[in-house]
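What follows is a set of notes on a single structure, which appears directly below.
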Amino acid sequence: MKRPRSAAPGAAGGGKLGFAGVLRSEFIKFFSLPSTLILILTTFVVMVGIAALSVWGIGASLKAMASEPEMAAQMGDMNELAASLPASGLLVAQLVIGALAVMVMSSEFATGSARSTFVATPTRQPVFWAKTLMVTIVSALVALASILAGFLVAKPIADNYSLPLDFASEAYQRNLWFGVLYVVMVSLIGLALGTMLKNSAGGIVVLAALFFVVPIVVDGLSGMVSWLADAARFLPGHAGGALMAMPGAEGALETWASGLVVGAWILVPLAAAAVLLQRRDI
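Quick note, in this note's numbering, the sequence shown goes up one by one and the last residue is 1302.
Shown next as structure tokens:
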């Protein structure tokens, strides 16, 4: 009896796995690793914990300065400050969720599973874009759940110190949704770095440098080199932070311009990673 062509030994990709099937397999692989759940839980706990500590710290400081209103006024708009506190853990959690995104692709090369993955899907692009969609969904949900949980934990503390933390306020909603976008941006840059470098440690180091080291160096030198102050606004961390800040903040880009910069930091690395993945050997 003649064997069907699709079942012939070595017929790579003969089953014509569709995008939905690739996406489903990526979710299965992603959540089958205990480290995935540990890192996601760590991100959630860190963000909620820092939100609670931030509200408590600001509230305690304001209480201590109750007899010195001039010092309290130096802390700025209380509505804006209070609204930003539930998302204050983003600065730390971005590295955790970003590292996880780096490993989504780099681990394929480190373990050698990339060969079997691309045998099943020879065109490679469905795998990359399925990972991109998966990372987007997971990072957005983790960020959204963490910021909302941060609000629930922070609200009673804020009320205790008479901080104006209001869920329906424009300031909080801006921090909530642009905070989610910020985490998605970090995650997708991490995925692109993991794809281009094919190394987990290298991708994480570059990601940390981009969001932590480079901004510190640029901000430190901007006083001596005038054009660096303008260039700093186009760094991903600065542009993402400008979206969450009050519109028209001093030295920041306009909201629409910051949105374009964030979009470019998402699309350009992903496009470069997709091209390199297609052209390079596994």
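Where is the CB? At the ideal position from N, CA and C, for every residue including glycine.
Simplified DSSP assignment, three categories, for residue i
{"i": "Met-1085", "result": "coil"}
{"i": "Phe-1171", "result": "helix"}
{"i": "Arg-1025", "result": "Any answer about Arg-1025 is weak, because its pLDDT of 41 lies below 50 and its placement is not dependable; what the coordinates show is given next. Note: Arg-1025 maps to helix in three-state DSSP."}
{"i": "Met-1205", "result": "helix"}
{"i": "Gly-1034", "result": "Only weak support exists for where Gly-1034 lies, its pLDDT of 47 falling under 50; the coordinates are left without a value."}
{"i": "Gly-1109", "result": "coil"}
{"i": "Leu-1263", "result": "helix"}
{"i": "Ala-1305", "result": "No statement about residue 1305 is possible, as the shown extent of the chain runs from 1021 to 1302 and does not include it."}
{"i": "Phe-1187", "result": "coil"}
{"i": "Thr-1143", "result": "coil"}
{"i": "Lys-1151", "result": "helix"}
{"i": "Ser-1182", "result": "coil"}
{"i": "Val-1245", "result": "coil"}
{"i": "Gly-1132", "result": "coil"}
{"i": "Leu-1006", "result": "The question about residue 1006 has no answer here: the residues shown for the chain are numbered 1021 through 1302."}
{"i": "Phe-1254", "result": "coil"}
{"i": "Ala-1269", "result": "coil"}
8 Å contact criterion, which residue i and residue j should meet: CB distance rounded
{"i": "Ala-1178", "j": "Ala-1103", "result": "With a Cβ gap of about 10 Å, Ala-1178 and Ala-1103 do not count as contacting."}
{"i": "Gly-1261", "j": "Ala-1119", "result": "Gly-1261 to Ala-1119, Cβ: 20 Å. No contact."}
{"i": "Leu-1263", "j": "Phe-1171", "result": "Actually they do not touch by this definition, with Cβ atoms about 18 Å apart."}
{"i": "Val-1206", "j": "Ile-1060", "result": "At roughly 14 Å, the Cβ-Cβ gap does not stay under 8 Å, so Val-1206 and Ile-1060 are not in contact."}
{"i": "Val-1288", "j": "Ala-1259", "result": "Going by Cβ atoms, the distance from Val-1288 to Ala-1259 rounds to 13 Å, so no, they are not a contact pair."}
{"i": "Phe-1064", "j": "Ala-1165", "result": "7 Å"}
{"i": "Ser-1220", "j": "Ala-1130", "result": "6 Å"}
{"i": "Leu-1297", "j": "Thr-1215", "result": "6 Å"}
{"i": "Val-1075", "j": "Leu-1101", "result": "Not quite, the Cβ-Cβ distance comes to about 10 Å (not below 8 Å), so this is no contact."}
{"i": "Ala-1174", "j": "Ala-1072", "result": "6 Å"}
{"i": "Ala-1121", "j": "Ser-1159", "result": "7 Å"}
{"i": "Leu-1248", "j": "Val-1238", "result": "5 Å"}
{"i": "Gln-1098", "j": "Pro-1184", "result": "This sequence places Met at residue 1098; Gln is not what is there. Rounded, the Cβ-Cβ distance is 6 Å, consistent with contact."}
Element boundaries [alpha helix (DSSP H), containing residue i]
{"i": "Lys-1049", "result": "1039-1051"}
{"i": "Val-1281", "result": "1275-1299"}
{"i": "Ser-1220", "result": "1220-1228"}
Proximity test, residue i beta-carbon vs the ligand SAH heavy atom, cut-off 7 Å
{"i": "Val-1066", "result": "The ligand content of the structure shown is nil, which means the ligand SAH is not present either."}
- Taking 8 Å as the threshold, find out whether the stretch 1067-1083 comes into contact with the stretch 1105-1117 through three or more Cβ pairs. Segments in contact, yes.
- Query: Can we say the stretch 1228-1238 touches the stretch 1141-1155, given the rule of at least three CB pairs closer than 8 Å?
  - Reply: No, the stretch 1228-1238 does not touch the stretch 1141-1155.
- Item | Inter-stretch contact (C-beta, 8 Å, three-pair minimum) for the stretch 1145-1162 and the stretch 1035-1048 | These segments touch.
- Message: I want to know whether the stretch 1273-1286 touches the stretch 1248-1260 - three or more CB-CB distances under 8 Å.
- Response: Between the stretch 1273-1286 and the stretch 1248-1260 there are three or more inter-stretch CB-CB distances shorter than 8 Å, so the stretches are counted as touching.
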